[in-house]
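A.B. asks: Chains as they are written, first to last, in the working numbering: chain A, 31 to 425; chain B, 31 to 425.
No residue lacks a Cβ here, since even glycine has one placed at the ideal position from N, Cα and C.
Protein chains: 2
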Amino acid sequence: MIAAKPRSVAIVGIGSTKIGELWDYSLRDLAVESGVRAVSDAGMSGKEIQAIWGGNMSAGQFLSQEHVAALIVDYVGLSDLHIPATRVEQACASGGAALREAILAVASGYYDIVMAAGIEKMTDVGGETASKILASAADQEWEALMGATFPALYALIAQAHIEEFGTTPEQLAAVAVKNHRNAKDNPHAHFRNVITKEQVLNSPMVSSPLHVLDCSPLSDGSVAVVVTSAEIAKEFTDTPIYVKATAQASDYLSLSDRKELTMFESAVIASRNAYQQAGLEPTDIDVCEVHDCFTIAEIIAIEDLGFFDRGMGGRATEEGETEIGSRIPINPSGGLKASGHPVGATGIKQVYEIVQQLRGEADKRQVNGAEIGMTHNVGGSGATCVVHIFSRTLS
Amino acid sequence: MIAAKPRSVAIVGIGSTKIGELWDYSLRDLAVESGVRAVSDAGMSGKEIQAIWGGNMSAGQFLSQEHVAALIVDYVGLSDLHIPATRVEQACASGGAALREAILAVASGYYDIVMAAGIEKMTDVGGETASKILASAADQEWEALMGATFPALYALIAQAHIEEFGTTPEQLAAVAVKNHRNAKDNPHAHFRNVITKEQVLNSPMVSSPLHVLDCSPLSDGSVAVVVTSAEIAKEFTDTPIYVKATAQASDYLSLSDRKELTMFESAVIASRNAYQQAGLEPTDIDVCEVHDCFTIAEIIAIEDLGFFDRGMGGRATEEGETEIGSRIPINPSGGLKASGHPVGATGIKQVYEIVQQLRGEADKRQVNGAEIGMTHNVGGSGATCVVHIFSRTLS
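1) I believe Ser64(B) touches Thr47(B) by the beta-carbon criterion, under 8 Å. Please report the beta-carbon distance rounded to the nearest angstrom.
2) Can you name, in chain order, every residue of its own chain whose Cβ lies under 6 Å from the Cβ of Ser88(B), other than the five neighbours on each side?
3) Examine the ligand NAP and report whether any of its heavy atoms sits within less than 7 Å of the Cβ of Tyr140(A).
4) By the 7 Å beta-carbon criterion, what residues does the stretch 104–117 of chain B contribute toward chain C?
5) Relative to the C-alpha of Glu290(A), which residue among Ile187(A), Tyr140(A), Leu108(A), Ile102(A) is closest?
6) Using the Cα positions of His220(B) and Asn212(B), report the straight-line distance between them to the nearest angstrom.
7) Inspect the CB distances between the stretch 293–309 of chain B and the stretch 327–334 of chain B and report whether three or more fall short of 8 Å.
8) List, in chain order, every chain A residue whose beta-carbon is nearer than 7 Å to that of Arg37(B).
9) Go ahead and label Asn407(A) buried or exposed: buried means 16 or more other beta carbons lie within 10 angstroms of its beta carbon, across all protein chains shown.
10) Can you name the residues of chain B whose CB is closer than 8 Å to the CB of Leu231(A)?
11) Report all residues from its chain with a CB closer than 7 Å to the CB of Ser238(B); omit the five preceding and five following residues, and keep chain order.
12) Please state whether DSSP places Asp71(A) in a helix, a strand or coil.
13) Using a C-beta to C-beta distance shorter than 8 Å, which residues of chain B count as neighbours of Ile299(A)?
14) If you scan the stretch 109–146 of chain A from start to end, which runs of the alpha helix (DSSP H) of 4 or more residues do you find wholly inside it?
15) Using the Cα positions of Ile360(B) and Ile192(B), report the straight-line distance between them to the nearest angstrom.
16) Starting from the C-beta of Leu409(A), find all residues in its chain whose C-beta is less than 6 Å away, skip the five residues before and the five after it, and write them out in chain order.
17) With distances taken between CB atoms, is the gap from Arg130(A) to Val416(A) smaller than 8 Å?
18) Using the Cβ count rule (16 or more neighbours within 10 Å means buried), how would you classify Ser284(B)?
19) Residues of chain B with CB closer than 7 Å to the CB of Leu366(A), please, in chain order.
20) Closer than 9 Å by beta-carbon distance: list the chain A residues that pair up with His321(B), in chain order.
21) Tell me the DSSP secondary structure of Tyr272(A) in three-state form.
22) Any idea what DSSP makes of Gly85(A), helix, strand or coil?
23) May I ask you to list, following chain order, the residues of the stretch 69–99 of chain A that have a beta carbon less than 7 Å from some beta carbon of chain B?
24) Would you call Val242(A) buried or exposed, if buried means 16 or more other Cβ atoms sit within 10 Å of its Cβ?
25) Where Ala277(A) and Ala327(B) are concerned, what is the direct C-alpha to C-alpha distance, given to the nearest angstrom?
26) Over the uninterrupted beta strand (DSSP E) stretch that includes Ala254(B), give me the two end residues.
27) Could you name the residues of the same chain whose beta carbon sits closer than 6 Å to that of Ser246(A), not counting the 5 residues immediately before and after it, in chain order?
28) If Pro199(A) and Leu231(A) are in contact, beta carbons under 8 Å, what's the gap, nearest whole angstrom?
29) When burial is assigned at 16 or more other CB atoms within 10 Å of the CB, is Asp154(B) buried or exposed?
30) So, does the CB of Glu131(A) fall closer than 8 Å to a CB anywhere in chain B?
31) Using the C-alpha atoms, what's the distance from Gly403(B) back to Asp314(B)?
32) Thinking C-alpha only, which one of Val66(A), Val69(A), Ile102(A), Ala128(A) is nearest Leu57(A)?
33) What residues from the stretch 273–290 of chain B come within 7 Å of chain A, judged by C-beta to C-beta, listed N to C?
34) List, in chain order, every chain B residue whose beta-carbon is nearer than 7 Å to that of Glu119(A).
35) Scan the stretch 241–253 of chain B for residues whose Cβ lies nearer than 9 Å to a Cβ of chain A and list them as they occur along the chain.
36) To the nearest angstrom, report how far apart Gln201(B) and Val207(B) are at their CA atoms.
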């Protein structure tokens, strides 16, 4: 799949804000806090950064602010250096897509040290407005204008999975229960409360079979990472985390055009490409952050990525196979469900967790001996999927 | 400025819609037409395209449609191939920034054949709404919320240029007159009517000293180019146009933070980097498309790019030095002013013109013997500038 041999790339710094309803932060405050923390984590002053890529889904609609990357470079204090800054938007996969551009830029040889940041400020508008804005990631003419919201689209997907594979509401609930339990130990998480299966099943129905506790929240937040060439990564850290694969794939925007509802072809193809780039198999992955915007999305993700056979994701989750310390720990951060879903930042937030895991710095969430990690970041109802594989070692 | 030796890159196909008020085109129609034309121009079927980058400023606000790149890949008929598609937004420099990502991706070795497209559908909303949407490219908190629109911001810049250098309204008008004259021979241009200096000066005042005929229009349109590695470009065309330099720079988002109003540091720095990458001087450029969103912007651009001394851009224009056949032909397409300004597509539209010029296919607009061309694409009031240099020859 790769035309010529690109340069190897590593992550040497990470920074995150708290994720949640951050009433006392503006968009620019968020950018500053994550950016400064990432640079500081890398042991840099900030002046070393040669370019920035910023993932953001919809500051235009949320805040009447486009040109967000220019705002980021300005407010992190780098305008005097006039470095290039570029916003990437790929709906809820904007963060993963921004990281990908940063990786390609370093791999190309044009840059040695760059930053990829994700940012979203969602709670300055009401819930109904936010729902409409998020629906603009779907096909506006064929889905959103007809009244479809994301809970409704994912509910259709869940119904199909239930019909085809016998997946149960209890299995869906098991995703939420696990992710809340993991988020309890994540200091940045939006929700750190432990919940029970009964609480999920008794929470208000949003769109059958999805209860409110099957849904990820609207969150504010920003996360940034510093990306360098593998050759110079060691100048900044003893534990660079290497990028083993960067892959992205598309699918039809509207669900009605898809061949199947119970799998995301974009995820299947992106992960297949990623495994091929890295020379790895699903069984080689020690820890994975997947895009659980709804509980059904995690179940489909762990099937699409090859961790479980099709249709077995619900049962595997219910049986505890995706818990920390079990077969394949999924979303040790708490995932989108519990650690939060600031849409444009989510893809970088996943990388933040995997870097912590591979460095062995994940504290009570630590997956013992994690050497290889993966992130799976979805845009819309699967029209985009970005997959990355990271490793403690280069070779 | 470049860390390691990147692969050389070329453009082998171009396609454009008509630019204008295209009432009978939707966003997706525009994408299809430009994409199919670009692929066809390259002598491809379309299946060769391995990835797409789409420049778009604000389909979210104009049409409630984010995730635009996924929509493009879907509607051009490539969803079955599941190729990655990524939207780039850098306000009115979105097109140039998208091309840049495509170039970096091919330079990196990850891809051999990709497409960069720009697209905007602006005329489905009223003029006042469009003005507010465009203002979201400025600093919302410090400029737009205070009532500043783009004509007002550029009027401040024009007033400063008049004050500092004695630039006259007649010199501003000369930009519009030249660009309309050039657009007469551009079949895709929004406006193909010749105008006089008197018409400009007598047209309604928008924001002093800028009359309505000093301003570029709201346009719909889409333009696409096919980008390949230089090694394989010859498989598709006898006249590949090589990318000699790709550069981008930032500046403070808000005018109030800038050191100067009468130059854009982003343009000065991006062009300096571009000249350095290409090993060229301003006198080596045979033809240039600059970002004349307002007439004053062209005058500042030709100074920033080093074609004329600071403060001399107005006089040079009035004396005809930027006309086709003169010292340095600027905007043979008609520029933003007359060939139109579909904001997210404009940066690629400029490249379309330069490729035609360097191929010798610009018909009555042809700059004789053009070997080296440049594009200058500005975001907002100069917080972003993207500069590319192209050549008929690789070495």
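C.D. replies: Reading off the structure:
1) For this step, residue 64(B) is matched to residue 34 along the second sequence. For this step, residue 47(B) is matched to residue 17 along the second sequence. Confirmed, Cβ separation roughly 5 Å.
2) The count along the second sequence starts at 1 and reaches residue 88(B) at position 58. Within the same chain, Ile163 come within 6 Å of Ser88(B) by CB-CB distance, once the 5 residues on both sides are set aside.
3) In the structure shown, the ligand NAP is absent, as is every other ligand, since no ligand is present at all.
4) The structure shown has no chain C; the protein chains it does contain are A and B.
5) Walking along the first sequence from the start, residue 290(A) turns up at place 260. When each option's Cα is compared against that of Glu290(A), the closest is Ile187(A).
6) For the purposes of this step, residue 220(B) is identified with residue 190 of the second sequence, where counting begins at 1. For the purposes of this step, residue 212(B) is identified with residue 182 of the second sequence, where counting begins at 1. Rounded to whole angstroms, His220(B) to Asn212(B) spans 12 Å at the Cα level.
7) Using a Cβ-Cβ distance cut-off of 8 Å, the stretch 293–309 of chain B and the stretch 327–334 of chain B are in contact, since at least three pairs of beta carbons, one from each stretch, lie closer than that value.
8) Along the second sequence, one-based indexing puts residue 37(B) at 7. Proximity of chain A to Arg37(B) at the Cβ level (cut-off 7 Å) is accounted for by Ala34, in chain order.
9) As a position in the first sequence, residue 407(A) is number 377, starting the count at 1. In the assembly as shown, Asn407(A) is a buried residue. Its beta-carbon has 16 or more other beta-carbons within 10 Å.
10) Along the first sequence, read from residue 1 onward, the residue named residue 231(A) stands at position 201. Those within 8 Å of Leu231(A) in chain B number zero; the least Cβ separation is about 32 Å.
11) By one-based count along the second sequence, residue 238(B) stands at place 208. In the same chain as Ser238(B), and ignoring 5 residues on each side of it, the C-beta atoms closer than 7 Å to its own belong to Ala185, in chain order.
12) Translated into positions along the first sequence, residue 71(A) becomes position 41. In the structure shown, the three-state DSSP call for Asp71(A) is helix.
13) Stepping through the first sequence from its first residue, residue 299(A) is reached at position 269. Correct list: His112.
14) Within the stretch 109–146 of chain A, the complete alpha helix (DSSP H) runs of at least 4 residues are 124–138.
15) As a first step, residue 360(B) must be located in the second sequence, where it is residue number 330. As a first step, residue 192(B) must be located in the second sequence, where it is residue number 162. Pairing Ile360(B) with Ile192(B), the inter-Cα distance amounts to about 21 Å.
16) Position 379 of the first sequence, counted from the first residue, corresponds to residue 409(A). What sits at residue 409(A) in the sequence shown is Gly, not Leu. Take Gly409(A), set aside five residues on each side of it, and the residues of its chain with a beta-carbon closer than 6 Å to its own are Gln120, Ala121, Cys122, Ala123, in chain order.
17) For this step, residue 130(A) is matched to residue 100 along the first sequence. For this step, residue 416(A) is matched to residue 386 along the first sequence. Contact: yes.
18) If you number the second sequence from 1, residue 284(B) lands on position 254. Classification of Ser284(B): buried, given that the 10 Å Cβ count is 16 or more.
19) For the purposes of this step, residue 366(A) is identified with residue 336 of the first sequence, where counting begins at 1. Near Leu366(A) there are no residues of chain B at all, since even the closest Cβ is about 17 Å away, more than 7 Å.
20) Counted from its first residue, the second sequence places residue 321(B) at position 291. Those do not exist, as His321(B) stays about 14 Å from chain A at its closest Cβ, beyond 9 Å.
21) Taking the first residue of the first sequence as position 1, residue 272(A) is located at position 242. Of the three classes helix, strand and coil, the one that applies to Tyr272(A) here is strand, per DSSP.
22) For the purposes of this step, residue 85(A) is taken as residue 55 along the first sequence, with counting starting at 1. Strand.
23) Within the stretch 69–99 of chain A, contact with chain B at the beta-carbon level (separation under 7 Å) is assigned to Met87, Ser88, Gly90, Gln91, Leu93, Ser94, Gln95, Glu96, His97, Ala99.
24) Residue 242(A) sits at position 212 when you count from the first residue of the first sequence. Burial call: exposed.
25) In the first sequence, counting from the first residue as 1, residue 277(A) sits at position 247. In the second sequence, counting from the first residue as 1, residue 327(B) sits at position 297. Computed Cα separation, rounded: 40 Å.
26) On the second sequence, position 224 is the one that residue 254(B) refers to. Per DSSP, the continuous beta strand (DSSP E) segment holding Ala254(B) begins and ends at 251–259.
27) The sequence position of residue 246(A) within the first sequence is 216, counting from 1. Around Ser246(A): Cys323, Leu366, Lys367, His371.
28) Residue numbering aside, residue 199(A) sits at position 169 when the first sequence is read from its first letter. Residue numbering aside, residue 231(A) sits at position 201 when the first sequence is read from its first letter. With 8 Å as the limit, Pro199(A) and Leu231(A) qualify as a contact, their Cβ atoms being about 6 Å apart.
29) Counted from its first residue, the second sequence places residue 154(B) at position 124. The residue in question, Asp154(B), is exposed, as its Cβ has fewer than 16 Cβ neighbours within 10 Å.
30) Position 101 of the first sequence, counted from the start, is the residue given in the question as residue 131(A). At least one chain B Cβ lies under 8 Å of Glu131(A).
31) Stepping through the second sequence from its first residue, residue 314(B) is reached at position 284. Stepping through the second sequence from its first residue, residue 403(B) is reached at position 373. Rounded to whole angstroms, the separation of the alpha carbons of Gly403(B) and Asp314(B) is 9 Å.
32) Stepping through the first sequence from its first residue, residue 57(A) is reached at position 27. Ranked by Cα distance from Leu57(A), the options Val66(A), Val69(A), Ile102(A), Ala128(A) are led by Ile102(A).
33) Cβ contacts with chain A come from Gln278, Ala279, Ser280, Asp281, Tyr282, Leu283.
34) The residue labelled residue 119(A) in the question sits at position 89 within the first sequence. Chain order gives the chain B residues near Glu119(A) as Glu96, Arg117, Glu119, where near means a beta carbon separation below 7 Å.
35) Interface annotation for the stretch 241–253 of chain B against chain A: empty, criterion Cβ-Cβ distance under 9 Å.
36) Your numbering for residue 201(B) matches position 171 in the second sequence. Your numbering for residue 207(B) matches position 177 in the second sequence. Each residue's alpha carbon lies about 10 Å from the other.
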